[in-house]
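To start, the structure under review is shown below, and the notes come after it.
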Amino acid sequence: MPCEVKAPEIPVSPQPNTALWSTILTLATFTIAYYLRIFRNGKFLGRSARRALGDFGVPIAIVICVAASVQVPVYTALLRVPSGLSPTAPRPWLVPMSEEFNSVPLWAAAAMLLPAMMIYIVVFLETHIAELIVSKPERRLQKSGGLHLDIVVLSVINCVCGVFGAPWQCVATVRSVSHVAALTAMSTTHAPGDKPHVIYVAEQRVTGLVVSLLVGLSALAGGVLRLVPLSVLFGVFLYMGISALAGIQLWERTILMLKPPKHHPPVVYVRRVPTLRMHLYTAVQILVLIGLCAVKWSSIGLALPLCLLLTVPLRRALTPLFTPLQLRALDGAHPEKLDDEPDFYQEAPLPG
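The sequence shown begins at 1 in the UniProt record's numbering and counts up one residue at a time.
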């Protein structure tokens, strides 16, 4: 019998130049998307062309870097996408109610109400934060009836997902903001120095429905998605994180802690709050943020909603140290004086 000749198996690790090439792909994805966003508010080409390149900067960066990864013969970790639709565990679609559930005591089932309420608080907050971002007063939205059913529809969907053992769903903040931004008509004729204002918003739900259907159909495109390196996704996440930092007052005040007072900008919280008190408030916020991250990444992560609620009495405990005017300057909403038009990654600090 002729012997079979098999190609030698190349071990996945270590591989030469993998770390360097992955770093290049991550930074290239971030750089292309970031500078296309800057190009959106530049002076080259027409306004429509610039907005198109800026809005599709992330997909353009992904396509370019994936094409480069395919052409360069260097091993990189790729997305692991299963073929077709099937449960991750060898079980039927419906979660089986086996005999193990009969051994759960009644008090344990009742105790599950507490973590269920905590998870609902997170879903509720995330949903309504997205609604507040979308329905800004300057947008002057007219169709407001269906907006109040969002949390009801989301709760029903999550109940169905629980029966099938599927992941729970949350609001798509970035997608919703980009949808509204694409339907918003801005003024083109205004006095020099005045910011463009919203003329109207062409409110419709067809775009969101089609986008959701396409996202669902992407589960059938596993062959294409398996070509995307993980390092390209890390570049997208880096871009989303840095873009979301723009306009966050906590980040701006954190940077001011490293600058002498003479270089502080003439913003409201700098003019109305003494420098030391401003830094004290910033330090308290940083410590609270570190504490929330520690809770989220620990074994008591389900207690995160309760910790979020505890920030309310903490905020009230700071009233003896700050006047109401100072607190409004430190954590109130202030109009941004931006010459650049923000994209939807800047407007939506929550991932969708």
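Beta carbons: idealized from backbone N, C-alpha and C, even for Gly.
**Prompt:** What residues are listed by DSSP as bridge partners for L185?
**Reply:** Mapped onto the sequence shown, residue 185 falls at position 185. In the sequence under discussion, the amino acid at residue 185 is Ala, which differs from the Leu named in the question. The partner list for A185 (beta bridge, DSSP) reads Y200.
**Item:** Bridge-paired residues (DSSP) for P229
**Value:** As a working mapping, residue 229 is identified with position 229 in the sequence shown. Answer is L78.
**Prompt:** Considering only C-alpha positions, which residue in the set V228, V284, I290 is nearest to Q71?
**Reply:** Within the sequence shown, numbered from 1, the residue matching residue 71 stands at position 71. Nearest option by C-alpha distance: V228.
**Message:** Could you compute how far the alpha carbon of C3 sits from the alpha carbon of Q15?
**Reply:** On the sequence shown, position 3 is the one that residue 3 refers to. On the sequence shown, position 15 is the one that residue 15 refers to. Any reading at C3 must be qualified, since the residue scores a pLDDT of 44, below 50, and its modelled position is unreliable; no value is offered.
**Asked** Which first and last residues belong to the alpha helix (DSSP H) in which W251 is found?
**Response** Taking the sequence shown and counting its residues from 1, the one referred to as residue 251 is at position 251. 249 to 256 is the extent of the alpha helix (DSSP H) around W251.
**Request:** Could you name the residues of the same chain whose beta carbon sits closer than 6 Å to that of H197, not counting the 5 residues immediately before and after it, in chain order?
**Result:** By 1-based counting over the sequence shown, the position of residue 197 is 197. Closer than 6 Å at the Cβ level, and outside the excluded window around H197, lie S187.
**Prompt:** Taking Cβ to Cβ, would you say L36 is nearer than 7 Å to C65?
**Reply:** Walking along the sequence shown from the start, residue 36 turns up at place 36. Walking along the sequence shown from the start, residue 65 turns up at place 65. No, they are not a contact pair.
**Prompt:** Any chance the segment 18 to 34 sits against the segment 229 to 242, with 3 or more Cβ pairs inside 8 Å?
**Reply:** yes
**Request:** Within its chain, find whatever has a CB closer than 8 Å to the CB of I286; leave out the 5 residues flanking it on each side and keep chain order.
**Result:** Translated into positions along the sequence shown, residue 286 becomes position 286. Excluding sequence neighbours, I286 sits near L250, T254.
**Message:** Could you compute how far the alpha carbon of T23 sits from the alpha carbon of I242?
**Reply:** Here residue 23 is taken as the residue at index 23 of the sequence shown, counted from 1. Here residue 242 is taken as the residue at index 242 of the sequence shown, counted from 1. About 17 Å.
**Item:** Start-to-end residues for the alpha helix (DSSP H) that takes in P105
**Value:** Here residue 105 corresponds to residue number 105 of the sequence shown, with the count starting at 1. Counting along the chain, P105 falls outside any alpha helix (DSSP H), and DSSP gives it neither H nor E.
**Asked** What is the DSSP secondary structure of L20, reduced to helix, strand or coil?
**Response** Counting from one through the sequence shown, the residue named residue 20 turns up at place 20. The answer is helix: DSSP assigns L20 an H, G or I state.
**Prompt:** Just checking my contact of L220 with L79 at CB under 8 Å: how many whole Å lie between their CB atoms?
**Reply:** If you number the sequence shown from 1, residue 220 lands on position 220. If you number the sequence shown from 1, residue 79 lands on position 79. So it is not a contact: roughly 15 Å between Cβ atoms.
**Item:** Backbone CA spacing between K143 and A202 [nearest angstrom]
**Value:** The count along the sequence shown starts at 1 and reaches residue 143 at position 143. The count along the sequence shown starts at 1 and reaches residue 202 at position 202. If you take the alpha carbons of K143 and A202, they lie about 10 Å apart.
**Item:** Straight-line gap, P8 to Y75 (C-alpha atoms, nearest Å)
**Value:** As a working mapping, residue 8 is identified with position 8 in the sequence shown. As a working mapping, residue 75 is identified with position 75 in the sequence shown. Confidence at P8 is low in this model, with a pLDDT of 40, below 50, so the placement of that residue should be treated as unreliable; the coordinate-derived value is given next. Spanning the two alpha carbons is a distance of roughly 16 Å.
**Prompt:** Quick one: Cα of A109 to Cα of M118, how far?
**Reply:** Translated into positions along the sequence shown, residue 109 becomes position 109. Translated into positions along the sequence shown, residue 118 becomes position 118. Rounded to whole angstroms, A109 to M118 spans 15 Å at the Cα level.
**Request:** Count the other CB atoms, across all protein chains shown, that sit within 10 Å of the CB of N17; report buried if there are 16 or more and exposed otherwise.
**Result:** Locating residue 17 in the sequence shown gives position 17, counting from the first residue. With fewer than 16 Cβ atoms within 10 Å of its Cβ, N17 is classed as exposed.
**Alpha-carbon spacing of L256 relative to R315, whole angstroms** = Indexing the sequence shown from 1 puts residue 256 at position 256. Indexing the sequence shown from 1 puts residue 315 at position 315. When the Cα atoms are used, L256 and R315 turn out to be separated by approximately 22 Å.
**Prompt:** Does the Cβ of M1 have 16 or more other Cβ atoms within 10 Å, making it buried, or fewer, making it exposed?
**Reply:** The residue given as residue 1 occupies position 1 in the sequence shown. For M1, the predicted model reports a pLDDT of 42, less than 50, meaning its position is unreliable; a value from the coordinates is still stated below. Looking at its Cβ environment, which holds fewer than 16 other Cβ atoms inside 10 Å, M1 is exposed.
**Asked** Which of the three DSSP states, helix, strand or coil, is assigned to G54?
**Response** Your numbering for residue 54 matches position 54 in the sequence shown. The answer is helix: DSSP assigns G54 an H, G or I state.
**residue 387 to G57 span [Cα, whole Å]** = The shown model of the chain, from 1 to 352, leaves out residue 387, and the question about it has no answer.
**Message:** Going by DSSP, what residue range makes up the alpha helix (DSSP H) through N41?
**Reply:** As a position in the sequence shown, residue 41 is number 41, starting the count at 1. Careful: N41 lies outside any alpha helix (DSSP H) and carries neither H nor E.
**Asked** Got a sec? Which residues, its chain only, sit under 8 Å from R50 by beta carbon, not counting five neighbours each side?
**Response** To locate residue 50, count along the sequence shown from 1; it is residue 50. Contacts found: F39, R40, N41, G42, F44.
**Request:** Go ahead and label G301 buried or exposed: buried means 16 or more other beta carbons lie within 10 angstroms of its beta carbon, across all protein chains shown.
**Result:** The residue given as residue 301 occupies position 301 in the sequence shown. Exposed, because fewer than 16 other Cβ atoms sit within 10 Å of the Cβ of G301.
**Request:** Measure the C-alpha to C-alpha separation of L304 and I290 and round it to an integer number of angstroms.
**Result:** Along the sequence shown, one-based indexing puts residue 304 at 304. Along the sequence shown, one-based indexing puts residue 290 at 290. Cα atoms of L304 and I290: separation of roughly 12 Å, rounded to the nearest angstrom.
**Message:** I'd like to check one pair, C170 with E126: are the Cβ atoms closer than 7 Å?
**Reply:** What you label residue 126 is simply residue 126 of the sequence shown in a count that begins at 1. What you label residue 170 is simply residue 170 of the sequence shown in a count that begins at 1. Yes; because the gap between Cβ atoms is below 7 Å, this pair is in contact.
**Item:** Where the alpha helix (DSSP H) through P313 begins and ends
**Value:** Residue 313 sits at position 313 when you count from the first residue of the sequence shown. Segment 304 to 317, the alpha helix (DSSP H) holding P313.
**Given 8 Å, three or more beta-carbon pairs between the segment 314 to 331 and the segment 266 to 278** = Yes, the segment 314 to 331 is in contact with the segment 266 to 278.
**Message:** Which residue wins for smallest C-alpha separation from K136, given the options Y200, W107, I157?
**Reply:** Here the question's residue 136 lines up with position 136 in the sequence shown. If we check each option's Cα against that of K136, Y200 comes out closest.
**Asked** CA-CA distance, S212 and P313?
**Response** On the sequence shown, position 212 is the one that residue 212 refers to. On the sequence shown, position 313 is the one that residue 313 refers to. If I take the Cα positions, the gap works out to 39 Å.
**Item:** Collapsed DSSP secondary structure at V171 in the structure displayed
**Value:** As a first step, residue 171 is located in the sequence shown; it is residue number 171 there, counting from the start. If DSSP states are grouped into helix, strand and coil, V171 belongs with coil.
**Contacts around L245, its chain only, beta-carbon distance under 8 Å, and the 5 residues preceding and following it disregarded** = Within the sequence shown, numbered from 1, the residue matching residue 245 stands at position 245. Around L245: W251.
**Prompt:** DSSP three-state call for F322: helix, strand or coil?
**Reply:** Sequence index remark: in the sequence shown, residue 322 carries index 322 (1-based). In this structure, F322 counts as coil in the three-state DSSP scheme.
**Prompt:** Going by the beta-carbon positions, is the gap between V177 and I133 smaller than 7 Å?
**Reply:** Residue mapping note: residue 177 aligns to position 177 of the sequence shown, counting from 1. Residue mapping note: residue 133 aligns to position 133 of the sequence shown, counting from 1. Yes.
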